[in-house]
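**Q** If you want my numbering, it's the position in the sequence shown, counting the first as 1, plus 3. Ideal Cβ placement from N, Cα and C applies to all residues, glycine included. This structure is a prediction, so every number in the text was calculated from the model and none was measured. Take a look at this one; I'll ask things after.
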Amino acid sequence: MQLDIELYRYSIAVSSSPRVRISVIDINPQAPKHIIVFLHGFGGHAVQFAYQLQDFAARSRVIALDHRGHGKSDAPVGGYSMPRIVADLEIVLDRLGVHGPVVLVGHSFGGAVALEFAVKNPSRLSHLVLIAVSGEFRVGGRERLGLGLPLPVMRAVEPLTRGWVHARPHALKAWHQHIMAPWNGWDLMTRVRTPTLVMLGSRDRVFPKAVFEQVAGAIPNAEEIDVGASGHMVHLERRDAVNRAIEGFINSRRQSWRETTRPGTLDRSELPEKRPWLKEYEDGVPYTIAVPNVPVQQLLRSAVRRFPRNPAVVFGDSRLTYRQLNHEANRLANALLALGLEPGDRVFIDLPNRPETIVAFFGILKAGGVAVLSPSEDDEFRTLQIADSGARVVLVDRALEALDTVDHFVRHAVQLDRVHLLRTVESHNYRALVRPQARTSPDIAVDPSETAVIIYTGGTTAAPRGVRLSHRNLLANATQTRHWLPDLVPGQERVLNVLPYTHSYGLMTGLILPVALAATIVLRPDFQPADALQAIKAHRPTLFPGSPRVYLALANFPGVRGYGVDSIRACLSGSDPLPVEVQEQFEKLTRGRLIEGYGLTEASPVTHVNPLSGQRRTGSIGLPLPSTEARIVDLKTGMQEVEPGHLGELQVRGPQVMLGYWKDPEQTARVLDEKGWLRTGDVAVMDEDGYFRIVARKADMWITEQGGEPAFPRDVEEVLYEIPNVQEAAVVGIARQPVGFVIPRLKTLTQEEVIEYCRRRLPPELVPRLIVFVDDFPRTFIGKILRRELAKRFEEQQASSQKG
């Protein structure tokens, strides 16, 4: 697995006049052993340390910066001096909260900067590593000739040199003239008191051999390693050897090649005994992840920086590139600020899936606001949730008369297509409001630990309950999910999304994760089988998140193979248990890979997924994601952890777990304990290898009349799906007995046939006492079957028939 290091890139202002921002990559895993800072050389950039960042990020916090004038940092006209470059490094470390001793690694002239820093700040270093560093840097004739060219000529040839020179021409000239050429480090080296390792390339001919060989001798007690078969770019040419040397030096021992670990993993000896699932991870999937310390909108900025012209959204005949999407989000952000939106104000998004919904999400966050989402289709529920959230602005695609009932909160209604003047709420046309605004990003500082979204849980309770998810929660889950799929390539994936963005599953897998990958989002307003298959045929998506209902409908669609579904490398099923029969039928007909996962809004939402290419266990939700802990606790006490193979309640803990419920500390305390464990309310079992299987919601289980044992809907539903003429099934425990609800393929299917089949396959206490045939099920917005509503309708029907 190659970490997507661009997700960890930040800009840090080191000067306000002129404004200069230094571009920094900072990867901070759980419980880092060391903090290692990498400094590139003249004309280089931070990504030249990519392999070192990949390797050491599993065990240590790693930081690499582009010097001013280089890489993605700003390139001011002046201000190029060694004291200024050292000050940049000091400010960057301070802004990142790095105050303890660091391991400082410098390559070539980056080593000169490291030496200056080490002598000035000896208490801030634990180790110093110098790679291909000399005591003075006098470039040869050809390089000196190039640097002496007039600036217009250097600018003209710049496109030809971008592959190996990563600095702007005026910065190169300034660095050479004012910093590198006059620098002489021999006296400086004698004053170094930090433990130092000097690495040389045996074939390095960039500078005279003598100026390399004398460095170790000039530094008191320095160690020296001559890395064979390498030139000046030692850390690229012999990267494994360099990494082993650094690892051994900072840990005070030499590391054998036999002890090397794959990038992104912890040492096997460090595996916690209570995480058996880690040994089941696919190659390339890290055991833990570092959460980028940025707000969610930084993902969009990163995508724009890397792939500005790539299509971001395809919706019917319309397309938005990532640059255009970013501009539109900036315009909306500026419009919201013009309306008086303040940091932390809530904005309710009441929009279907369309490009404006994506623009709205990122625009709200860019303005420092909180996006409020509701999966409910019921106007009364949404009105309650608007009032509960205290939204100041509502974005709608139609007039909502109900807004008049919450006008003490709502000040503005922004409508996409037409203006409908409400009695008390100021109404705006979306396009007229946004069009005159600047397309530059507003300068709003957003703390990643603050709330980014409030998502209301959908349809399972009468009272609205808003889940508060921070920027860090969402970034963690996007990073976890992205690294669970190690073969995904940034800028090359296409994601078909039919899930509503107002649901946490659709928001994460259909929006935040694709933007983290700079993928193309093939967006559909909702799920219609024929429409989805036409989109697959036209756009050849590589990733397709959905629900069991989606995959069942596609598997049953005539001629499904003819739509090119083999382009999809992964179908991720969530929101409801995936019946084994549905999974097998879908994969047989489409030859696609359908893997089941699990999550809940309170966890951003994904916590478990089956391996994509590794061992998948049918009927299981798979393994906990990186940096996610999971346990099964006793159903009665809710405290004591049970042994593998025993039923209990599933609890999870990780960086994706919510901040809490909006304005409901009592309910938060009921589900989230002081140690961060989230009670999911789901009955589950874990096997000895760490695979988890969801049995039922605690609220959906019942106690059988025979024997008083707990019983669960899925045990019966799996058998019902085996019946060829059953299209879809749901089971509800009513009066301590199972009642089956079935959508038949053929109207000729009878209750007697179904019950007789169940008698052959199930113990007596699980055989449904009744089978009720229905045309469809009551569902949440995402398609989850509402068993409580089925039970309610059944009881009402029974009561009515008894009266009759």
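Skipping 5 residues on each side, what residues in its chain have a beta carbon closer than 7 Å to that of Arg271?
**A** The residue given as residue 271 occupies position 268 in the sequence shown. Low per-residue confidence applies at Arg271: pLDDT is 41, beneath 50, and the placement is therefore not dependable, though the value from the model is reported in the following sentence. Correct list: empty, nothing qualifies.
**Q** For a test of the three-state rule: what should DSSP assign to Ser507, helix, strand or coil?
**A** Within the sequence shown, numbered from 1, the residue matching residue 507 stands at position 504. Residue state, collapsed to three classes: helix.
**Q** Please name the residue, chosen from Val722, Gly319 and Val168, that lies closest to Ala535 on a Cα-to-Cα basis.
**A** Counting from one through the sequence shown, the residue named residue 535 turns up at place 532. Closest by alpha carbon: Gly319.
**Q** Kindly indicate which residue of Gly625, Ala714 and Phe52 has the alpha-carbon position closest to the one of Gly577.
**A** On the sequence shown, residue 577 is found 574 positions in, with the first residue counted as 1. Here the closest residue by C-alpha is Gly625.
**Q** Out of Asp676, Leu603 and Asp690, which has the shortest C-alpha to C-alpha gap to Val645?
**A** Within the sequence shown, residue 645 is the residue found at index 642, counting from 1. The shortest C-alpha separation from Val645 is found at Asp690.
**Q** Would you list the one or two residues that DSSP bridges to Gln654?
**A** The sequence position of residue 654 within the sequence shown is 651, counting from 1. Arg634 and Arg682.
**Q** What would DSSP say about Arg165, mapped onto helix, strand or coil?
**A** Working through the sequence shown from its first residue, we reach residue 165 at position 162. Three-state result, Arg165: coil.
**Q** For His37 versus Ile253, is the C-beta distance shorter than 7 Å?
**A** The residue given as residue 37 occupies position 34 in the sequence shown. The residue given as residue 253 occupies position 250 in the sequence shown. Against a cut-off of 7 Å, the Cβ pair of Ile253 and His37 comes out as a contact.
**Q** Could you give the residue range of the beta strand (DSSP E) that holds Pro548?
**A** If you number the sequence shown from 1, residue 548 lands on position 545. Counting along the chain, the beta strand (DSSP E) containing Pro548 begins and ends at Leu546 to Gly549.
**Q** Exposed or buried, Arg594, counting other C-beta atoms within 10 Å across all chains shown (16 or more means buried)?
**A** For the purposes of this step, residue 594 is taken as residue 591 along the sequence shown, with counting starting at 1. Result: exposed.
**Q** By Cβ distance below 6 Å, which residues in the same chain neighbour Gln670 in space, the five residues on each side in sequence not counted?
**A** On the sequence shown, position 667 is the one that residue 670 refers to. Cβ within range, chain order: Tyr664.
**Q** Give every residue of the same chain whose Cβ lies closer than 6 Å to the Cβ of Lys75, excluding the five residues on either side of it in the sequence, and list them in chain order.
**A** In the sequence shown, residue 75 corresponds to position 72, counting from 1. Cβ within range, chain order: Ser26 and Asp69.
**Q** Per the DSSP calculation, Glu139 is bridged to which residue(s)?
**A** Along the sequence shown, one-based indexing puts residue 139 at 136. Glu139 is bridged to Asn187.
**Q** Per DSSP, Phe215 is paired with what?
**A** Within the sequence shown, the letter at position 212 stands for residue 215. Residue pairing by DSSP places Phe215 in no beta bridge whatsoever.
**Q** Verify whether the separation of the beta carbon atoms of Asp77 and Arg12 is less than 7 Å.
**A** Working through the sequence shown from its first residue, we reach residue 77 at position 74. Working through the sequence shown from its first residue, we reach residue 12 at position 9. No, these two residues do not count as a Cβ contact at 7 Å.
**Q** What first and last residue would you give for the beta strand (DSSP E) that runs through Arg471?
**A** Within the sequence shown, the letter at position 468 stands for residue 471. First-last of the beta strand (DSSP E) with Arg471: Gly469 to Ser473.
**Q** Indicate whether Leu131 and Thr193 have their beta-carbon atoms separated by less than 7 Å.
**A** In the sequence shown, residue 131 corresponds to position 128, counting from 1. In the sequence shown, residue 193 corresponds to position 190, counting from 1. In this structure, Thr193 does not lie closer than 7 Å to Leu131 by Cβ.
**Q** State the start and end residues of the unbroken beta strand (DSSP E) segment that holds Ser111.
**A** Residue numbering aside, residue 111 sits at position 108 when the sequence shown is read from its first letter. Where Ser111 is concerned, there is no enclosing beta strand (DSSP E), given that its DSSP letter is neither H nor E.
**Q** Can you tell me whether DSSP reads Ile249 as helix, strand or coil?
**A** Looking up residue 249 in the sequence shown gives position 246. In this structure, Ile249 counts as helix in the three-state DSSP scheme.
**Q** Quick check on the burial criterion: 16 or more other C-beta atoms within 10 angstroms. Buried or exposed for Met642?
**A** In the sequence shown, residue 642 corresponds to position 639, counting from 1. By the 10 Å Cβ count, Met642 comes out exposed.
**Q** Please classify Pro614: does DSSP put it in a helix, a strand, or coil?
**A** Taking the first residue of the sequence shown as 1, we reach residue 614 at position 611. Of the three classes helix, strand and coil, the one that applies to Pro614 here is coil, per DSSP.
**Q** Decide if His102 is buried, meaning its Cβ has at least 16 other Cβ atoms within 10 Å, or exposed.
**A** Translated into the one-based positions of the sequence shown, residue 102 becomes position 99. Flag for His102 reads exposed.
**Q** Given Asp779, which residues of its chain have a CB within under 8 Å of its CB, disregarding the five upstream and five downstream residues?
**A** In the sequence shown, counting from the first residue as 1, residue 779 sits at position 776. Answer for Asp779: Ile746, listed in chain order.
**Q** For Gln418, which of helix, strand or coil comes out of DSSP?
**A** The residue given as residue 418 occupies position 415 in the sequence shown. DSSP, reduced to helix, strand and coil, places Gln418 within a strand of the structure shown.
**Q** So, are the CB atoms of Trp186 and Pro627 less than 7 Å apart?
**A** The count along the sequence shown starts at 1 and reaches residue 186 at position 183. The count along the sequence shown starts at 1 and reaches residue 627 at position 624. Not in contact: Trp186 and Pro627 (Cβ atoms no closer than 7 Å).
**Q** Which full runs of the beta strand (DSSP E) of 3+ residues lie inside the region 33-81, going along the chain?
**A** 38-42 and 64-68
**Q** Do Ile539 and Val498 count as a contact pair if the criterion is CB distance below 7 Å?
**A** Numbered from 1 along the sequence shown, position 495 holds the residue referred to as residue 498. Numbered from 1 along the sequence shown, position 536 holds the residue referred to as residue 539. Cβ distance not < 7 Å, so Val498 and Ile539 don't count as in contact.
**Q** Are the Cβ atoms of Ile598 and Thr482 separated by less than 7 Å?
**A** To locate residue 598, count along the sequence shown from 1; it is residue 595. To locate residue 482, count along the sequence shown from 1; it is residue 479. No; because the gap between Cβ atoms is not below 7 Å, this pair is not in contact.
**Q** Report yes or no: do the region 154-170 and the region 134-141 share at least 3 C-beta pairs separated by less than 8 Å?
**A** No: fewer than three Cβ pairs fall under 8 Å.
**Q** In chain order, what residues of the same chain have a beta carbon less than 6 Å from the beta carbon of Asn31, not counting five sequence neighbours either side?
**A** Locating residue 31 in the sequence shown gives position 28, where the first residue counts as 1. For Asn31, where only same-chain residues beyond five positions count, the Cβ hits under 6 Å are Arg64 and Ala293.
**Q** Closer than 6 Å by C-beta to Val688: which residues in its own chain qualify, once you throw out the five before and the five after it? Chain order, please.
**A** For the purposes of this step, residue 688 is taken as the residue at position 685 of the sequence shown. Leu650 and Arg696, listed in sequence order.
**Q** Hey, which unbroken runs of the alpha helix (DSSP H) at 4 residues or more fall wholly within the region 670-729?
**A** With a minimum length of 4 residues, the continuous alpha helix (DSSP H) runs that stay inside the region 670-729 are 716-723.
**Q** Given that a residue counts as buried once 16 or more other Cβ atoms are within 10 Å of its Cβ, and exposed if not, what is Ala341?
**A** Here residue 341 is taken as the residue at index 338 of the sequence shown, counted from 1. Exposed.
**Q** For Leu499, does the three-state DSSP call read helix, strand or coil?
**A** Position 496 of the sequence shown, counted from the first residue, corresponds to residue 499. Looking at Leu499 - three-state DSSP - the assignment turns out to be strand.
**Q** Work out the CA separation of Gln55 and Lys123 for me, nearest whole Å.
**A** If you number the sequence shown from 1, residue 123 lands on position 120. If you number the sequence shown from 1, residue 55 lands on position 52. Taking the straight line from one Cα to the other gives about 26 Å.
**Q** How far does the beta strand (DSSP E) with Gln301 in it extend, from its first residue to its last?
**A** Here residue 301 refers to the residue found at position 298 of the sequence shown. From DSSP, Gln301 is part of no beta strand (DSSP E) but of the alpha helix (DSSP H) over Gln300 to Arg309.
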